Every structure is written in structure tokens, then in C-alpha cells.
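K.L.:
Mind looking over this structure? Questions follow.
There are 4 protein chains.
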Amino acid sequence: MTSPTARFAGVVPPIVTPLNDEGGIDVASLERLVETQLEAGVHGIFALGSSGETVFLTDEQRDRALEVIIKTTAGKVPVIAGCIEPSTQRVIDRADASLRLGADALVTTAPFYAIVGPHETERHFRAVAAATDLPLLAYDIPACVNTKLSVDLLTTLVAGGVIAGVKDSSGDDVAFRQLLLSVRDNAPDAAFSALTGHEVVVDAMMLAGASGAVPGLANVDPDGYVRLHNACIAGDWDAARTEQDRLTRLFRIVGAADPATTAGATRGVGAFKTALQLLGVIDSNAVSLPLRPLDEAESGRVRVELERAGLL
Amino acid sequence: MTSPTARFAGVVPPIVTPLNDEGGIDVASLERLVETQLEAGVHGIFALGSSGETVFLTDEQRDRALEVIIKTTAGKVPVIAGCIEPSTQRVIDRADASLRLGADALVTTAPFYAIVGPHETERHFRAVAAATDLPLLAYDIPACVNTKLSVDLLTTLVAGGVIAGVKDSSGDDVAFRQLLLSVRDNAPDAAFSALTGHEVVVDAMMLAGASGAVPGLANVDPDGYVRLHNACIAGDWDAARTEQDRLTRLFRIVGAADPATTAGATRGVGAFKTALQLLGVIDSNAVSLPLRPLDEAESGRVRVELERAGLL
Amino acid sequence: MTSPTARFAGVVPPIVTPLNDEGGIDVASLERLVETQLEAGVHGIFALGSSGETVFLTDEQRDRALEVIIKTTAGKVPVIAGCIEPSTQRVIDRADASLRLGADALVTTAPFYAIVGPHETERHFRAVAAATDLPLLAYDIPACVNTKLSVDLLTTLVAGGVIAGVKDSSGDDVAFRQLLLSVRDNAPDAAFSALTGHEVVVDAMMLAGASGAVPGLANVDPDGYVRLHNACIAGDWDAARTEQDRLTRLFRIVGAADPATTAGATRGVGAFKTALQLLGVIDSNAVSLPLRPLDEAESGRVRVELERAGLL
Amino acid sequence: MTSPTARFAGVVPPIVTPLNDEGGIDVASLERLVETQLEAGVHGIFALGSSGETVFLTDEQRDRALEVIIKTTAGKVPVIAGCIEPSTQRVIDRADASLRLGADALVTTAPFYAIVGPHETERHFRAVAAATDLPLLAYDIPACVNTKLSVDLLTTLVAGGVIAGVKDSSGDDVAFRQLLLSVRDNAPDAAFSALTGHEVVVDAMMLAGASGAVPGLANVDPDGYVRLHNACIAGDWDAARTEQDRLTRLFRIVGAADPATTAGATRGVGAFKTALQLLGVIDSNAVSLPLRPLDEAESGRVRVELERAGLL
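Chains as they are written, first to last, in my numbering: chain S, 1 to 312; chain D, 1 to 312; chain U, 1 to 312; chain L, 1 to 312.
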């Protein structure tokens with residue numbers, strides 16, 4: 001039940017940014033990663049998101065990564081560029097760079113670090129949208145920015161043409177379901193892409209009416225997510241659930257890193273990069289400071305899950 | 001895909017406790033409410049849950065309500081009794097009363113008020129289970145008790161036969177999905193009822209493998225939830241989604257109370273009771289102090305939603 | 001700078017409730033504990049607070065404990081009784097019992113478990129106050145009840161004669177300071193006792209204008225807190241700070257329990273009881289389920305701190 | 001009781017960054033602000049902190065502001081430069097710029113946006129310290145970065161010479177007191193500056209052993225904070241408290257902005273800038289998007305408080 005007015009739909013992996021051991025962008029690995037995604041049939045690429053370590057990268061590194069991604073994608077699918085900075089002007093600066101480099105759309109979060117409320121948040125999205133010619137998606141990720149974008153605010157922004165969609169990483173599927181209906185009832189003609197960021201409930205959210213998904217795990221198994229998506233579109237919910245269950249088990253790789261010495265960011269992107277290294281897609285599982293790469297024992301646990309999932 | 005080993009499945013409404021204007025249990029209204037539920041074909045009754053205002057009631061009131069519910073149900077469906085108290089011994093006291101009054105199963109939360117961790121929480125469930133002969137379900141409701149029951153802890157408790165299921169009101173459908181698979185993989189033979197407490201994602205969670213639902217809104221529209229459940233069981237996901245969308249819109253009654261002067265507990269149970277009053281099922285929309293009943297303007301907004309949903 | 005209008009001032013220990021190994025009230029130990037406190041010169045006794053494990057106790061146990069405390073205190077200092085229940089009517093029931101047993105004042109928190117806002121909270125305090133003839137203190141403990149009592153709400157309740165004071169366990173000394181000034185400016189003639197519950201900043205809060213303290217650690221070292229209080233009253237801030245520093249170090253006993261297997265409630269009251277057992281004041285360090293008593297290794301760490309503090 | 005080993009002590013205002021109505025740095029206003037501070041006798045200047053809107057500024061704007069501040073300060077007091085970025089390398093880049101521009105010390109927070117734990121946080125501070133020759137202070141501000149720096153971690157970092165001090169904006173004076181003793185006991189010879197960021201408890205924290213304060217309100221009334229500090233140093237605690245009470249009332253200017261349309265960041269820095277404009281120190285109360293400047297009615301409320309405080 002994807003909206004006919006969703007400009008961005010299907011599987012849009014938030015791709016990681018491969019690094020070499022000196023902390024620079026590993027261009028060859030990034031090219032291979034993008035090519036692998038395209039071969040799997042993904043419907044878009046989300047560059048420089050949380051999985052892309054965007055807040056760890058300098059502007060130069062971001063520009064370089066985005067340039068490589070856009071060149072490798074070569075217009076086959078849209079490239080959505082994350083513009084993730086604490087405040088309005090800095091987001092606009094990244095929006096300008098993304099436009100210049102050829103991105104097809106932008107994603108930004110609520111402001112962060114500074115303590116803001118709904119009025120500041122609304123002003124932020126309006127100001128960013130007004131400053132760019134590209135479509136803007138709102139990234140709802142309260143665990144990182146401390147603000148949950150409310151159903152009412154998002155509906156207002158969609159109805160007003162400020163945002164073209166939402167990437168939901170809020171963990172709040174109840175609100176996501178209510179958002180889908182709220183937009184349908186209050187802004188039926190608006191262009192609206194509702195993308196879930198949750199790897200393990202894509203079937204359920206597609207049933208509920210999502211346009212697609214932005215699953216970090218699709219870095220590792222894009223074919224699985226494309227199959228899952230196709231089953232949903234075909235209305236073959238049994239097949240969708242079976243594929244989703246396989247992917248949900250695969251998602252256990254984020255538990256590979258020792259919880260006594262790592263937290264969320266290390267565990268997620270660290271596992272995705274380690275899996276991609278084990279699969280031969282990227283050369284190194286290096287991550288940005290202050291994260292640390294998964295060690296040998298942890299990589300071994302990732303390998304076990306890849307084998308169970310039939311990927312190795 | 002309900003587990004064959006789920007003892008409690010289907011639609012199990014957490015029924016409200018009708019009060020008269022003096023704050024006492026309104027027995028006639030409660031009987032009518034239970035009868036309405038049974039006529040709709042619900043698969044169980046959850047008495048004395050959060051929607052049942054259990055923490056507001058004295059032990060005498062709780063005993064009286066449970067007695068009426070069990071008598072009216074007359075064994076047609078199981079009655080699950082909430083035993084919701086801050087600490088272990090007080091829960092056990094309620095478990096004893098529930099057994100004496102004829103309940104078929106118990107539901108309890110993690111301890112609350114006192115600051116506890118996973119070890120205290122595990123000890124709590126084990127001690128309660130050891131003290132009663134009735135099956136015990138864990139109620140995961142971090143917004144009220146400040147503890148999220150982890151997938152690992154719940155799996156351990158299921159595998160060990162400590163709990164027979166979960167009522168998930170955590171808002172975390174991602175973890176709920178992971179729990180479903182974790183139990184399937186680690187305790188495949190265990191009796192396990194996975195019940196979602198979220199009114200607006202029942203179709204999605206049934207697709208994901210839930211055994212059933214405990215939706216507060218089923219007080220108001222049990223027929224709708226039974227239809228939704230039947231569609232899920234039949235694998236008719238289009239019909240399920242359509243029914244769910246109607247119910248999701250109906251759930252907007254929880255927005256009827258003025259947010260400037262009410263908070264969660266007033267807005268939810270207050271709206272359910274007001275709807276039941278408007279539907280002629282119960283006599284008064286009275287709620288316990290310090291909540292307040294919805295006023296005339298707010299009731300008017302509930303009425304509008306009931307009309308939209310085709311219930312009035 | 002204690003307000004001349006503070007009815008309750010000085011050191012008011014929130015005494016623990018000694019239990020025997022069967023989980024019953026250990027009356028002889030409780031009597032010794034109260035006597036020890038009185039001999040040290042405390043200015044009041046706070047019975048059935050968080051340190052008193054009140055949410056773990058049945059009404060019968062609470063009545064018994066309060067009875068013993070009031071009888072042993074014998075009118076030498078006021079006894080303030082905690083009435084800590086999730087909702088209004090249940091608090092009123094405890095208020096009635098406390099009045100009947102001879103308490104001099106009551107303490108209650110915001111409602112808990114149910115999700116409430118400022119209106120429900122204000123209605124709660126007003127309804128409890130209206131239902132009792134005893135002075136009522138508000139207990140601000142958001143870590144347990146999820147509601148921070150705002151400076152504005154507390155000022156309104158003081159100005160309106162609803163509450164006679166505050167026990168602040170909010171951890172928010174900034175708000176506590178603002179409350180002291182807000183009451184002075186807006187309700188200069190109101191009876192108002194501002195009691196800090198934080199063991200380690202009593203000198204600082206007395207400097208800021210607090211009426212006194214309700215420190216759990218005073219169970220263990222009432223003499224120290226009386227000396228600290230006397231130094232503050234005398235304006236000897238160097239002596240106050242020196243005594244406070246000694247007590248702050250002693251407070252490290254709450255770190256004695258293994259953090260891998262215990263959380264807040266176990267670590268606090270478990271340590272206080274263990275220290276009292278080591279000091280020969282109470283017979284057992286038993287605590288209520290689902291807490292566990294400190295084990296031998298943990299008790300050894302408490303002993304070390306008692307020795308360092310010159311108490312053993 | 002300032003530690004003899006505290007390199008940074010006394011009143012160190014976190015100065016605002018005056019903007020012109022086009023959003024650029026207002027150099028003349030910034031010079032006047034710094035001069036006003038120096039004339040009042042402050043003991044240091046904290047540039048580019050939260051009050052300085054650092055996360056809203058581009059690197060060019062930050063460099064310009066820091067340059068002006070350092071030039072105007074002219075070595076009379078140390079200038080501490082905020083290096084506030086989400087991740088390690090980006091902080092190091094700001095540290096390099098700060099060193100180049102002549103700062104005397106650096107302040108950085110825990111990483112933000114990315115979800116990190118204690119290991120990532122410790123690695124972050126160690127990597128930043130290793131990359132710079134300037135002394136580094138840790139900025140504890142969990143409301144902005146979601147991480148509370150624990151007493152144990154801070155003690156370890158002080159003992160290891162990684163950090164030279166702490167700016168505490170955690171709101172947790174209990175932990176701050178414990179930190180003061182923990183460092184005294186575990187790293188008695190370490191250079192350690194313990195600076196409270198809380199405007200309204202400076203007297204109390206100085207009594208507790210703080211080295212000084214970094215109060216945003218000192219932008220508005222540096223003379224008051226210098227008098228307060230001098231009274232503390234002289235042991236004249238009555239005078240300190242009286243001055244603190246006056247400043248605590250003045251701090252009510254942060255309540256001038258309409259809470260229905262503004263949140264924390266707008267209310268704080270917006271009020272400080274408005275007060276400075278009313279006092280004739282800076283030309284405009286402009287703030288960065290998505291914040292908004294206080295309007296006329298709100299400015300009127302700031303004016304009332306300035307008059308009450310004797311500043312107008």
C-alpha cells in the first residue's frame with residue numbers, strides 16, 4: 001500500500017562509510033559497497049546517515065564519500081544525503097554541499113545538543129527546507145537528538161510541503177502507524193515517503209502502509225531486504241514474514257561486540273562493517289574514534305551469524 | 001501463526017472498572033460490560049489491569065470487581081487477573097486473593113517505586129511464580145514501572161517455566177519481534193503467550209507472530225478487534241489492515257481530553273469510560289482520584305469519533 | 001537560617017524497618033534503633049519512608065512498625081509517617097491509619113504507576129490534605145515516581161496551606177534553592193519546612209536556607225548528623241564542612257554491594273541495615289524481597305568504611 | 001578551600017557570542033562584553049560554551065569570536081575555549097584551531113549524537129588530551145549529550161593527568177560533592193579545577209570545595225559573582241548567601257520567555273542577551289536559528305528583574 005505520491009520508496013540502505021586504517025575514506029571499498037547494493041536491486045542509497053558515521057567525519061571526508069557514492073550510483077537510483085548537524089545554519093551548509101555534489105534529496109534530524117522544543121524544531125525544518133531546492137526528509141531519531149517528532153508536527157510539515165517524507169528510527173511503531181493514517185487523512189495529496197529505519201519490523205510496517213525501509217542491516221544483506229520488499233509489494237505476507245524472520249536473526253550480529261566494553265554506536269556500525277569485511281565487500285572494519293573496531297573474538301561471533309543466515 | 005503452546009490467545013480486553021459517582025464499584029455496569037465483551041466473542045478477559053484502574057482501588061474493591069467479572073464470565077473464557085503492586089509479597093497477597101476468587105491466570109509487572117535492576121526483577125518473578133499455582137504472565141510496561149523487561153530475561157523466564165507469557169505495553173515493537181524469535185529459538189516447547197497491548201499495531205504484531213492482543217480500546221469496540229483477529233488468523237491481511245486502520249482512527253478518542261489539564265492515565269481510561277457511557281454500556285464515566293472524568297466538551301469529541309467509527 | 005515557621009526542622013532520620021529472617025518486623029531491633037536515634041539528639045523521626053521499605057510492607061506490618069516507633073519515641077520528638085501509595089484514596093487510607101496510631105505529620109509523594117501530570121498531582125495533594133487533620137509534607141522523589149514537583153506547584157501548595165513542607169530527594173539542588181527563595185518571596189508567612197534528603201550536601205543546603213535534613217545515612221551515624229546540624233545552626237561552616245566530608249565518605253557504604261548483581265534499593269537500604277547490624281543496633285540485615293541482604297564480602301566492605309569513619 | 005593545584009579558579013563566565021541582525025559576529029559588542037567582564041574582575045573567560053551558542057556557529061565564526069575574545073582579554077586572565085563537537089576528530093580539529101588562536105585551555109564534552117558508553121567516553125577524552133598541548137577540562141552536561149560523567153571516570157582521568165578539571169553542568173550536586181572528595185582522596189596531588197556551572201548554588205558548592213564557577217548569569221552581573229566569590233574565599237558565608245540569593249532571584253530572567261513557544265536554549269541565552277542589550281553592553285539580542293530572540297513583552301519581563309536586582 002505504498003502511497004502513489006511517495007517519491008522515495010522501497011529499500012534504501014543507509015550505507016556505512018568504509019575507512020582505511022589511517023581513518024581516511026576507503027574509496028575502493030565504498031565503490032564496491034555501492035555496486036553490491038545496486039546489484040541487489042535496492043531502490044535508493046542513503047548516504048551519510050548514522051550508519052555512515054556522518055557525525056564522526058569532517059566536511060572534507062563527507063564530501064569525498066558523497067562524491068564517490070553519487071558517481072558510483074550513476075543515477076540508477078536516487079541518493080539521499082544526510083545533513084546531520086546540531087543547528088540550522090550548519091545543516092544548510094551541508095545541504096548546499098549535497099546539492100552541489102549531486103544528491104537527489106536530503107535528510108535532517110531535529111536540532112541537537114541545544115535544548116529545544118517543538119517551536120524551535122518546526123522553525124528548523126522550515127528554515128532548512130526554504131534554503132534548499134532538494135526534497136527534504138525528516139529523520140526521527142530521539143535516542144540521538146532527544147526530540148521525538150510528534151505525529152502532529154510531522155503531519156503539519158508534510159501538509160505544508162516542507163518535508164517529503166520521514167525516516168523513522170524512533171523505535172515507536174505505534175506513533176509511526178498513527179502518522180501513516182494522519183497524513184492519509186489530513187494531507188491525502190501530499191508527496192509523502194514513510195520509511196522505517198527498524199531492521200526487524202519491515203514486514204509489519206509495510207503491512208501498516210510504509211513506503212519502504214532504511215535498514216542498516218541491508219548493508220550486509222541487501223538481497224534479503226529486496227526479497228522482503230518484493231514479497232510485501234506482492235501481498236505475499238507469509239513469504240515476507242519468513243524472510244523478515246531470517247533477517248531478524250541475522251540482526252543479532254549487533255550483539256557480537258562485548259557489551260561490557262562497547263555501547264550502541266560501536267555495536268551497530270562495528271558489526272555491519274565487520275560483516276562486510278568478512279563478506280569481502282570492504283577491506284577493513286575500522287571505525288571512527290571514539291568507537292573501536294570489533295576484535296577477533298567478536299568478529300568470530302559475526303561470522304557465525306553470517307553462516308547461519310546462509311551468507312557465508 | 002499463533003503458537004500451538006499459547007494458553008492465552010486472541011482478543012483479551014483489559015476491561016475498565018466502572019465506578020459510581022461515589023467512587024464505588026458499579027456492579028450492574030461491570031456485568032453489562034463483561035456481557036458485551038462475551039457477546040462480541042472475545043477470547044479472554046484481563047481484569048484489574050492499568051485500564052482497570054487497579055492501582056487506584058482498595059483490596060476490597062479489587063476483590064469485588066474480580067468476583068463480579070468471574071461470575072459474569074462463568075467460565076466461558078479465561079479471566080486473567082492483574083496483581084499489580086510495588087513489591088513481591090504484596091503481589092503474592094493479590095495472587096492468593098485472585099486464586100481464591102477463581103481467576104485462571106495472573107499478570108504482574110516488574111517491581112516499582114523502589115529502584116531495582118535485572119537481578120531484583122528476575123527474583124521478583126521467580127518468587128511470585130513459586131508462590132502460586134496459577135500461570136503467570138509478565139506485564140512489560142516501562143512507562144509505569146521504569147523497567148523494560150529485556151528479551152534475554154523474558155526468554156530465560158519462559159524457558160524456565162516461570163512465566164507463561166508476556167503482555168507487552170512497552171511501546172517497543174522491535175524488542176517484541178525479537179522476543180518472539182528468541183523464544184521460538186531458545187524455548188521452542190515452552191508454553192508462551194505473546195500478547196501485544198498496543199491498540200494500533202495488532203495486525204502488524206499478529207503478522208510478526210503474536211498470540212493475541214490486550215487492547216484497552218477493545219472495551220469500546222470488541223467486535224472490531226474480534227474481526228481484526230479473525231482476519232489475521234485467516235491470513236486475510238488486507239482485511240486485517242482495513243479493520244486495524246478503522247480502529248487506529250477510533251483510538252483518537254484518547255486525544256479527546258484537553259492536554260493542558262490532563263495526562264496519560266486520565267486521557268486513556270477517561271476516554272474509554274466516556275465512550276462506554278455514550279454507548280450505553282456503563283452508567284457513568286467516573287474515574288478514580290486524582291484523575292478526573294472527561295467533561296461535556298471532551299465527551300462531545302469522543303462522540304464524534306464514535307460516530308465516525310460507525311459505533312453510534 | 002531555618003525559617004521560624006518551620007514546624008519540622010533539624011535532623012529527621014528516615015529510619016529503616018528492621019526485619020527478622022522470616023520477613024516480619026523485628027520489634028526489639030526497631031526499639032533499639034529508635035532509642036539510639038533519640039539518644040543522639042535527632043529532632044524527629046521519619047517512619048515508613050523509602051529507607052523504611054514502606055512499599056514492601058503490608059498494611060499490618062506498617063501499622064506494627066509505626067506503633068512501635070511512636071511508642072518508643074514517646075512524644076520526645078515528632079514522628080512523621082510516610083503514606084506512600086500509588087493513588088489518592090490509598091494514601092488517604094494510610095493517612096487515617098497514621099492519625100489513629102498517633103503520628104504527628106504525614107509525608108506523601110506524587111501519584112505513581114499511573115501516568116499523571118501537574119493537574120492530577122496537584123489534585124492528589126489537595127485531596128489528601130483535605131482528608132486529614134495532620135500536617136502534610138510533599139516528598140519529591142522523581143526517581144521513584146517519575147514526577148518532579150515543580151517550584152511553582154510546591155509554592156502554590158505551601159501558599160495555600162495544603163502542605164507544611166517538602167522532603168527533597170529529587171537530586172535537583174538547583175530547584176531546591178529556587179524553591180527556598182520562591183516560598184520566601186511568595187508565601188513569607190506560611191509554615192514551611194524544607195528538608196533535604198541528600199546525605200552529602202546537608203551543609204550546603206543548610207547554608208542555602210534548608211530547615212533540616214532527612215538523611216538515610218543518619219540511621220548509621222545520627223551523632224554525626226546532629227553535630228553537622230549544630231555546626232550549621234551556629235554558623236560554624238568550617239566545622240560543618242569537615243563533618244559533612246566525613247559523612248560523605250561514610251556514605252560510600254552504598255557502594256559496598258556488588259553493582260553487577262544489585263541496584264539502588266538493595267544497595268542503599270541493604271548497606272544501612274548491614275552497618276546497623278555491624279554496630280550492634282539491629283539483629284539482622286534482612287531486607288524485603290525482591291531485594292537481597294548484603295553478603296559477607298559486601299558486609300566486609302561496609303565494615304571497612306565504618307572503621308574509617310571512626311564508628312567501629 | 002580552593003585546591004592549591006587548581007589552575008583555573010574563581011569566576012569564569014561562559015560568555016555569550018553577540019550577533020548582529022544578519023547572524024554574523026558583532027565584534028564591537030563582543031569587545032565591550034569582554035571588557036565589562038574584565039573590569040568586574042572575573043578570573044577567566046570561557047569562550048564558545050553552550051551560552052556562547054558554539055554548536056550554532058560555523059568554524060569561521062568560532063575562530064573570529066575566539067580571536068576577538070583573546071585579543072580583548074590580552075592575557076589578563078586565561079581564556080578557556082570550548083571545543084564542542086559530536087566526535088573525537090572534530091573536537092581535535094577545534095583544539096588545534098584554539099591552540100593556534102592562543103587559547104589557554106580547552107573544554108570538551110562527552111561525544112554526542114552517537115550512542116556511546118563509558119569506554120567510548122574515556123577513549124574520547126584520552127584521545128583529545130593526547131592530541132593537544134593545552135590543558136583539557138571535561139564538561140559534564142548530560143542534558144545536552146546524554147552521558148553523565150561518573151565520579152569514577154572523572155577521578156581516573158584526573159589522576160592520570162588527562163584532564164585538569166571539570167565544568168559541572170550536570171545538575172547533580174550530590175555527585176559533584178562526591179567528586180570533590182574522590183579526587184582529594186585518590187589524586188591528592190593532581191591539578192584539578194572543579195567549576196560549577198550552576199548559577200544558583202555557587203555559595204553552596206564553594207562551601208563544598210569547588211574551585212570556582214562558570215555561571216551563564218555572570219554575563220549579566222559579573223560584579224555580583226565576583227563579590228559572591230570574594231565572600232566565599234573570605235569565609236564570610238552570610239555575605240555569600242545574601243549575594244547568592246540576590247543572584248538567584250535575578251536568574252528568574254530565564255523564565256521571561258513564553259514557555260508555550262520557547263524551550264531551554266532560547267530561554268537561557270535569549271534572556272542573557274536581552275539583559276545585556278538592556279544594560280547597553282551589546283547591541284542586539286539576536287540569537288541563532290532555530291532559536292528566536294525574546295520579543296518586546298518578554299524583554300519587558302527581563303527589564304523588571306534587572307531593576308529588582310539593582311542593575312537598571
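Even glycine gets a Cβ: it sits at the ideal position worked out from N, Cα and C.
Model, not experiment: these values are computed from the prediction.
Interface residues of chain S around residue 262/L at Cβ under 8 Å?
P.N.:
Here the neighbours are 117, 119 and 120.
K.L.:
Kindly list, in the order they appear in chain S, the residues whose Cβ is closer than 7 Å to that of residue 155/D.
P.N.:
Simply none; closest approach about 13 Å.
K.L.:
I'd like to know whether the C-beta atoms of residue 273/D and residue 18/D end up nearer to each other than 9 Å.
P.N.:
For residue 273/D and residue 18/D, yes; Cβs fall inside 9 Å.
K.L.:
Please state whether DSSP places residue 93/D in a helix, a strand or coil.
P.N.:
It is helical.
K.L.:
Would residue 139/S and residue 182/S qualify as a contact pair, given that the criterion is a beta-carbon distance under 9 Å?
P.N.:
Not a contact, by the Cβ cut-off of 9 Å.
K.L.:
Scan the segment 163–228 of chain S and note each continuous beta strand (DSSP E) run of 3 residues or more that stays entirely inside, going in chain order.
P.N.:
The qualifying runs are 165–168 and 193–196.
K.L.:
Which residues in the same chain as residue 152/L place their Cβ atom closer than 8 Å to its Cβ, once the five residues preceding and following it in sequence are excluded?
P.N.:
Answer for residue 152/L: 182, listed in chain order.
K.L.:
Below 8 Å, how does it come out for the segment 30–39 of chain S and the segment 274–281 of chain S: are there three or more Cβ pairs, yes or no?
P.N.:
Contact between the segment 30–39 of chain S and the segment 274–281 of chain S is present, because at least three Cβ pairs lie under 8 Å.
K.L.:
For a contact meaning CB atoms closer than 8 Å, what does residue 248/L contact in chain U?
P.N.:
Within 8 Å Cβ-Cβ: 177, 178 and 181.
K.L.:
Would you kindly check if the distance between the Cβ of residue 81/L and the Cβ of residue 105/L is under 9 Å?
P.N.:
Taking 9 Å as the Cβ cut-off, residue 105/L and residue 81/L qualify as a contacting pair.
K.L.:
Run through DSSP, which three-state label would residue 233/L get?
P.N.:
In this structure, residue 233/L counts as helix in the three-state DSSP scheme.
K.L.:
Based on the DSSP secondary-structure assignment, which residues constitute the bridge partners of residue 46/S?
P.N.:
Looking at the DSSP assignment, residue 46/S forms a beta bridge with 14/S and 80/S.
K.L.:
Quick check on residue 146/S - is its C-beta less than 9 Å from some C-beta in chain L?
P.N.:
For residue 146/S, the answer is yes, since a Cβ of chain L falls inside 9 Å of its Cβ.
K.L.:
Mapping the DSSP letters down to three states, classify residue 58/U as helix, strand or coil.
P.N.:
Correct three-state label for residue 58/U: coil.
K.L.:
Can you say whether residue 252/L is buried or exposed, counting buried as having 16 or more other CB atoms within 10 angstroms of its CB?
P.N.:
The residue in question, residue 252/L, is buried, as its Cβ has 16 or more Cβ neighbours within 10 Å.
K.L.:
Do the segment 184–192 of chain U and the segment 213–223 of chain U touch if we need at least three Cβ pairs shorter than 8 Å?
P.N.:
No: fewer than three Cβ pairs fall under 8 Å.
K.L.:
To the nearest angstrom, how far is the alpha carbon of residue 20/L from that of residue 265/S?
P.N.:
Computed Cα separation, rounded: 38 Å.
K.L.:
What residues from chain U crowd round residue 241/L, counting only those whose CB sits closer than 8 Å?
P.N.:
Within 8 Å Cβ-Cβ: 1, 207, 208 and 209.
K.L.:
Would DSSP call residue 282/U helix, strand or coil?
P.N.:
Looking at residue 282/U - three-state DSSP - the assignment turns out to be coil, as it is neither helix nor strand.
K.L.:
Hey, residue 231/S and residue 243/S: beta-carbon distance below 9 Å or not?
P.N.:
In this structure, residue 243/S lies closer than 9 Å to residue 231/S by Cβ.
K.L.:
Taking only beta carbons into account, state which residues of the segment 251–279 of chain L come closer than 7 Å to chain S, listed in chain order.
P.N.:
Cβ contacts with chain S come from 261, 262, 263, 264, 265 and 266.
K.L.:
Just the chain U side, please: which residues come within less than 9 Å of residue 212/L by C-beta, in chain order?
P.N.:
What residue 212/L touches in chain U: nothing, since even the nearest Cβ is about 16 Å away.
K.L.:
I need the DSSP call for residue 70/S, collapsed to helix, strand or coil.
P.N.:
Three-state result, residue 70/S: helix.
K.L.:
Just list the alpha helix (DSSP H) runs in the segment 82–142 of chain U, keeping only unbroken ones of 4 residues or longer that don't cross its boundaries, in chain order.
P.N.:
Within the segment 82–142 of chain U, the complete alpha helix (DSSP H) runs of at least 4 residues are 88–101 and 118–130.
K.L.:
In this structure, does DSSP put residue 311/D in helix, strand or coil?
P.N.:
Three-state result, residue 311/D: coil.
K.L.:
How many angstroms separate the CA atom of residue 116/D from the CA atom of residue 128/L?
P.N.:
Taking the straight line from one Cα to the other gives about 36 Å.
K.L.:
Please list the residues of the segment 155–174 of chain S that have a C-beta atom closer than 8 Å to any C-beta atom in chain D, keeping them in chain order.
P.N.:
Those residues of the segment 155–174 of chain S that come within reach of chain D (Cβ to Cβ, closer than 8 Å) are 171, 172, 173 and 174.
K.L.:
Is residue 111/S near residue 88/S, with beta carbons less than 9 Å apart?
P.N.:
Yes.
K.L.:
With the cut-off set at 9 Å, would you say residue 256/U and residue 294/U are in Cβ contact?
P.N.:
In this structure, residue 294/U lies closer than 9 Å to residue 256/U by Cβ.
K.L.:
Could you give the first and the last residue of the continuous alpha helix (DSSP H) run that contains residue 28/L?
P.N.:
It spans 27–40 - the alpha helix (DSSP H) in which residue 28/L sits, taken as one unbroken run.
K.L.:
Output, in sequence order along the chain, the residues in the segment 280–303 of chain D whose CB is closer than 9 Å to any CB in chain U.
P.N.:
Within the segment 280–303 of chain D, the residues whose Cβ lies closer than 9 Å to some Cβ of chain U are 288, 289, 290, 291 and 292, listed in chain order.
K.L.:
Could you check if residue 53/S is buried or exposed, using at least 16 other CB atoms within 10 Å of its CB as the buried criterion?
P.N.:
By the 10 Å Cβ count, residue 53/S comes out buried.
K.L.:
Closer than 9 Å, CB to CB, is residue 47/D near chain U or not?
P.N.:
No, residue 47/D does not count as interfacial toward chain U.
K.L.:
List, in order along the chain, the chain D residues whose C-beta lies closer than 8 Å to that of residue 140/U?
P.N.:
Near residue 140/U there are no residues of chain D at all, since even the closest Cβ is about 14 Å away, more than 8 Å.
K.L.:
Considering only DSSP beta bridges, list what residue 19/L is partnered with.
P.N.:
According to DSSP, which records beta bridges pairwise, residue 19/L is partnered with 25/L.
K.L.:
Any residues in the segment 83–106 of chain U with a beta carbon nearer than 8 Å to a beta carbon of chain D? Which ones, in chain order?
P.N.:
For the segment 83–106 of chain U, which is checked against every Cβ of chain D, the residues closer than 8 Å are 84, 86, 87, 88, 89, 90 and 93.
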